[in-house]
Each structure stands twice: as structure tokens, then as C-alpha cells.
Amino acid sequence: MQVLSVASECVPLVKTGGLADVTGALPAALAAEGVRMRVLLPGYRAVMARIEAVQTLHDTPDLFGGPARLLAGRAAGLDLLVVDAPHLYDRDGGLYLGPDGGDWPDNPERFAALCWMGAEIARGLTDWQPDVVQCHDWQAGFVPQYLRQAGGGPPTVMTVHNIAFTGSVDAARLGALRLAPEGYTPEGFEFYGRISALKAGLSAADAITTVSPTYARELMTPAFGMGLDGLLRARADRVSGILNGIDTALWNPATDPAITPYDTPEGKATSRAALIAEMGLDPGAPGPLCIVVSRLTEQKGLDLLLRCLPVLLEQGGQLALLGTGDPGMESAWRDAAAEHGPRVAVRIGYDETMSHRMMAGADAILVPSRFEPCGLTQLYALRYGTIPLVAQVGGLADTVIPANPAAVQAGVATGLHIHPLTDTALALGLQDLCALWRQRAVWRRMQINAMAQDVGWAGSARAYGALYARLADRS
Ligand code: ADP
Numbered sequence: 383m384q385v386l387s388v389a390s391e392c393v394p395l396v397k398t399g400g401l402a403d404v405t406g407a408l409p410a411a412l413a414a415e416g417v418r419m420r421v422l423l424p425g426y427r428a429v430m431a432r433i434e435a436v437q438t439l440h441d442t443p444d445l446f447g448g449p450a451r452l453l454a455g456r457a458a459g460l461d462l463l464v465v466d467a468p469h470l471y472d473r474d475g476g477l478y479l480g481p482d483g484g485d486w487p488d489n490p491e492r493f494a495a496l497c498w499m500g501a502e503i504a505r506g507l508t509d510w511q512p513d514v515v516q517c518h519d520w521q522a523g524f525v526p527q528y529l530r531q532a533g534g535g536p537p538t539v540m541t542v543h544n545i546a547f548t549g550s551v552d553a554a555r556l557g558a559l560r561l562a563p564e565g566y567t568p569e570g571f572e573f574y575g576r577i578s579a580l581k582a583g584l585s586a587a588d589a590i591t592t593v594s595p596t597y598a599r600e601l602m603t604p605a606f607g608m609g610l611d612g613l614l615r616a617r618a619d620r621v622s623g624i625l626n627g628i629d630t631a632l633w634n635p636a637t638d639p640a641i642t643p644y645d646t647p648e649g650k651a652t653s654r655a656a657l658i659a660e661m662g663l664d665p666g667a668p669g670p671l672c673i674v675v676s677r678l679t680e681q682k683g684l685d686l687l688l689r690c691l692p693v694l695l696e697q698g699g700q701l702a703l704l705g706t707g708d709p710g711m712e713s714a715w716r717d718a719a720a721e722h723g724p725r726v727a728v729r730i731g732y733d734e735t736m737s738h739r740m741m742a743g744a745d746a747i748l749v750p751s752r753f754e755p756c757g758l759t760q761l762y763a764l765r766y767g768t769i770p771l772v773a774q775v776g777g778l779a780d781t782v783i784p785a786n787p788a789a790v791q792a793g794v795a796t797g798l799h800i801h802p803l804t805d806t807a808l809a810l811g812l813q814d815l816c817a818l819w820r821q822r823a824v825w826r827r828m829q830i831n832a833m834a835q836d837v838g839w840a841g842s843a844r845a846y847g848a849l850y851a852r853l854a855d856r857s
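Okay, here's the thing in C-alpha cells:
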């Protein structure tokens, strides 16, 4: 089985979010399933600088406004295909944002070019023929549409990592993007009078996946579907959810170079003391040490947590937060630290190593997201024996077994759920968390369950492999 994965970012080469972790991890995980996955990426500077053993597979004088080459090569163990189009990708700035912080004005063309090349490969441009094309988020959304316009190709999978990004484009650019006008309908890629690249993928793909089963169901509802829920309901028989995994070698408390390694809940004590010292927290606090590691945006629900902080503190708990994002939210958290120190400590910034130390040192992690396609921090936390208190949405609901009386009795709980996500429910959740923490045997059982939970890629890779096999059989 050969699969072409079309993506705009991929760890360890280029990353702005969790999408890159998935596209970077899938090829190795799928190799174990007998799938050879090649990743098609834009030739950003960071990619061009790393790619080795380069071969030119194809040359064209005009790919959306300039000459381009299709390259094959390897980098960081990945088998890559790269669209080398300097007029689109060879520039200073971010993957999607220019130096002024706004979207690159030619983003539609930049990712249409990636999709065009993906569709051409799928239709036999090179000697290597994929059996299935895997498209990630709106940046790869035009691939199924281009294949449909060209009269077909191998089956396609459109994967939604976050439906909040729809790839919306002015309809006047339809011709420039080489889109067939017949597709500009409500059943096709028309979206509120504009073109949506994500909708192009969702309407034309043979299968649609997202990164957790619960998010797959949520996307079909108006509350979560961002206007695409109707289309997804109409195509419900094609929609499924496959959970993301994490890199269990990188996130392994027994070997993590950033911490004093451990493989039992008791082993966390050294890291806990170190985290308290590092953050200037209260070593004598009679409650759980909670953490947040997050982007500070509306999605993450941390405004609710700010309001509920007094409940945690009254119960003897404390909180360390590491995050960056909305300036207003950053300053609100700084103020909270000033008001409640030393029981509340805040680090504004992005720091991978620090996030490892926090996962190891904490008793609990708080993730009150309004929506969460999969979520990674609760998975890291589980592996480190840090108990997640999560909103019962998306992948959070799918990966944390809530400590209701039956689950506690059966000894299977790994965390707590908040539902619905309101101040009252979060406050009650924090009270329950503190009460559970005081029941040392129950808490320890939860930690052991958490550390034993399978959060790697193997199960997900089996699910992707089975989906590809079904699609390839059908075609
Ligand atoms: P999202 O993709 O919506 O930001 P996820 O939980 O899926 O949420 O992934 C977030 C990733 O970014 C995780 O790997 C998390 O550890 C990391 N992260 C977020 N904020 C920070 C930070 N301030 N410092 C270090 N890592 C962070």
C-alpha cells in the first residue's frame, strides 16, 4: 500500500501546531502496517535546507505564477516529495503569516500549488503511484477537487485537524486557482459567497476523518461545525474519528532527560519538589499541584479557570501555568499570579523543556477547552501519571476515563470530566479533584491507570491502515 500525504507542515521540519506532529509521526507508525507513506510538502526554506539525496522528478515553467520543480528526497527519516517553487515559498516569515503578522496575500495560490502537484502525482506524473491520497486540513483541500475536475484518481481521505480554519478565499479568485466553476455550489466548495478550500476537500473526498471519534460527532452539530455541519451530516457515512497518538519515546518519564526519571507514581516526588522550587510555589500547600500548558486563546477556556481559581485555592490547591497567546489573557494571568502568589505561578512563553518538567512534577493538569479536536497535553499528562481534569469535548472526552463512582469502584478511572463547561461545573470539578487527591489510594490507582494507558501511535496507525485498505479495495 502506497499513500501520498499532502501537508503544509511536518515535524521536525516545519511546525506551527499539532497538525505537524501528526504528519511527522504517521509515516513511521504506518510503516509497521505495511503502508509506505510519502509526504508532499511546500519547499519552504526550512525544508529546502534539510532535504537530502535530492532528485528532480518534474519541471514546469508555470505553477501559479512562476517556475517550479517537484523534488524527491529524504530528511529526518521522512520520505519526502517537495514542491520547489521559489516564487511561492522562498521567503522570510512564517509558514502562513508574513512579517507583518497577517496572512500571506497569496496563501490561496501557495496551497493551491501544493494541491495541484499532489493531484498530478496522484494521476501518474511520476513513476511512483499512490493507492490513496491523504489530505490534511484546508491547505490540502483542493486535491480531491482537482482530481474530480480531472476525471478521477486514487481514493482520497480528507482529515480535519481543526475545523476553525476553513481556508476561505474570495470567489473572484476561482479562475486563478484553476477551480472549475461547476464546483462553486453549496454542495461543492461555495461557502457563504466565498470559496472554502476545506469545503472543497470535504465535499469531494472519498472519506473524511478527524482526530477523535467525539470530535467527528461534534462536527456534525451546529455548535461545533463552523457552518460545515450540514455538509458533514449529509456525508455522515464517510466520516470517522481516529485519535492522535503521541511520541512515546520523547514523552517517557522513565527516560526523559529533562527530569529525574521515574516509572511509578512515587517517583514523581523529586520532580514535584523541583517544580515547586523552580516556580516559587508553596511547598506546604495542602492540596494538589495543578498545571496548565497551553496556547492562551478563547478555545482553551482559561477565562473560566481564572474565575474558578479561588475554589482551587480554598481547597489547598495551587497552579502553575505555562502559556502564550492573546495579550489580554496573558496579562490577566500575570495579574492572577500577582494576586494569588505563591499559590499561583505563571510563565508566559513557549518552552518545550519546561513543559516536560511540569508534566513530571504536577499532580493534575487542567484542560477546560471549549472545543478540542484531540488535544495532546492530556495525553502527555496521562503518561507522566498526572491526572487530567478535562472538559468533556472532542478528544478530551475520548482519552480520559472519568472518576465517577462506578469507574472508581472498578479501579479504571484516569481523570475527571467537566460537563457542561460552565463556571459552576468547573468549580465542582476542582472540588472533586481536590477530594480525590486526598484519597491517596484512589489517586494512586488513577495514576497507575493513567501511566499504563496506551497513548502511542500504534492503534491509530492500524485504524488509518484499515481505512486505506478499504478505500483501495473499493476503487
Ligand atoms: P493546540 O494544537 O490546540 O494548541 P494541543 O493540545 O493539540 O493543542 O497541542 C498543543 C501542543 O503545544 C502540545 O504539544 C503542548 O505541549 C504544546 N504547547 C502549547 N503551549 C505551550 C507552551 N507555552 N510551552 C510549551 N509547549 C506548549
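Under our numbering, think of the first position of the sequence shown as 383, with each following residue one higher. No residue lacks a Cβ here, since even glycine has one placed at the ideal position from N, Cα and C. The model shown is predicted, which means the values in this text are computed figures rather than measured ones.
With 16 other Cβ atoms within 10 Å as the buried cut-off, status of residue i
i: V726; result: buried
i: P784; result: buried
i: T804; result: exposed
i: A467; result: buried
i: Q821; result: exposed
i: T567; result: exposed
i: Q791; result: exposed
i: R856; result: exposed
i: L613; result: buried
i: D403; result: buried
Boundaries of the alpha helix (DSSP H) in which residue i is found, first to last residue
i: P770; result: Here P770 belongs to no alpha helix (DSSP H); instead the beta strand (DSSP E) covers 769-773.
i: T806; result: 805-820
i: G455; result: Unbroken run through G455 is the beta strand (DSSP E), 450-457; no alpha helix (DSSP H).
i: Q835; result: Counting along the chain, Q835 falls outside any alpha helix (DSSP H), and DSSP gives it neither H nor E.
i: R654; result: 651-661
i: I800; result: Premise fails: I800 lies in the beta strand (DSSP E), 798-800, not in any alpha helix (DSSP H).
i: C690; result: 684-696
i: V396; result: No alpha helix (DSSP H) holds V396; DSSP gives it neither H nor E.
i: S622; result: No alpha helix (DSSP H) holds S622; the beta strand (DSSP E) holding it covers 621-623.
Close beta carbons around residue i, own chain, < 6 Å, minus the five adjacent residues each side
i: L439; result: L452, A454, T508
i: T630; result: G838
i: R729; result: L704
i: R677; result: G707
i: R620; result: A589, I590
The beta strand (DSSP E) enclosing residue i, as first and last residue numbers
i: V726; result: 726-730
i: H440; result: 434-442
i: C517; result: 514-518
i: P424; result: 418-424
i: T538; result: 538-542
i: D552; result: 550-552
i: A702; result: 700-707
i: C497; result: Not the beta strand (DSSP E): C497 falls in the alpha helix (DSSP H), residues 489-504.
i: L477; result: Per DSSP, L477 belongs to no beta strand (DSSP E) and is neither H nor E.
i: Q384; result: 384-388
Same chain only: Cβ atoms within 7 Å of residue i, ignoring 5 sequence neighbours per side
i: S552; result: According to the sequence displayed, residue 552 carries Asp and not Ser. Around D552: R576.
i: G710; result: none
i: A763; result: M741, I747, P770
Given residue i as reference, the closest of the options once Cα atoms are compared
i: G793; options: P802, A823, C816; result: A823
i: G399; options: Y732, G698, C672; result: Y732
i: S390; options: A414, L423, A413, V417; result: L423
i: P867; options: L810, C756, G425, D664; result: No answer is possible for residue 867: it lies beyond the span of the chain, which begins at 383 and ends at 857.
i: F524; options: A586, L771, L657, R456; result: A586
i: A457; options: A832, G425, A582; result: G425
i: A431; options: V464, H543, S387; result: V464
i: I673; options: P750, A631, L610; result: P750
i: G565; options: F547, A554, A546, Q531; result: Q531
i: G623; options: K682, L395, C392, A848; result: A848
i: K581; options: G666, D519, N634; result: D519
i: V593; options: H722, G662, D780; result: D780
i: G448; options: L663, D488, P563; result: D488
i: A450; options: R617, A854, A495, L663; result: A495
i: D444; options: R765, E491, L462; result: E491
i: G841; options: Y766, L625, Q437; result: L625
i: F446; options: E502, W486, A558; result: A558
8 Å Cβ shell around residue i - same chain, five flanking residues per side excluded
i: L688; result: A714, W715, A718
i: S653; result: I641, T642, Y644, R739, A742, G743
i: D385; result: Checking the sequence shown, residue 385 turns out to be Val, not Asp. If we look at V385 and ignore the five residues flanking it on each side, its Cβ neighbours are L412, V417, R418, M419, R420, P512, D513, V514, V515, Q516, Y850.
i: H801; result: A773, Q774, A807
i: P668; result: G698
i: T405; result: S387, A389, E391, C392, V393, V421, H518
> At which residue ranges does the region 575-600 contain complete beta strand (DSSP E) runs of 3 or more residues, listed in the order of the chain?
Replying inline: 576-578, 589-592
>> Just to confirm the assignment: which complete alpha helix (DSSP H) runs, minimum length 4, are found wholly within the region 739-798?
In response: DSSP runs (the alpha helix (DSSP H)) wholly in the region 739-798: 759-765, 776-781, 787-792.
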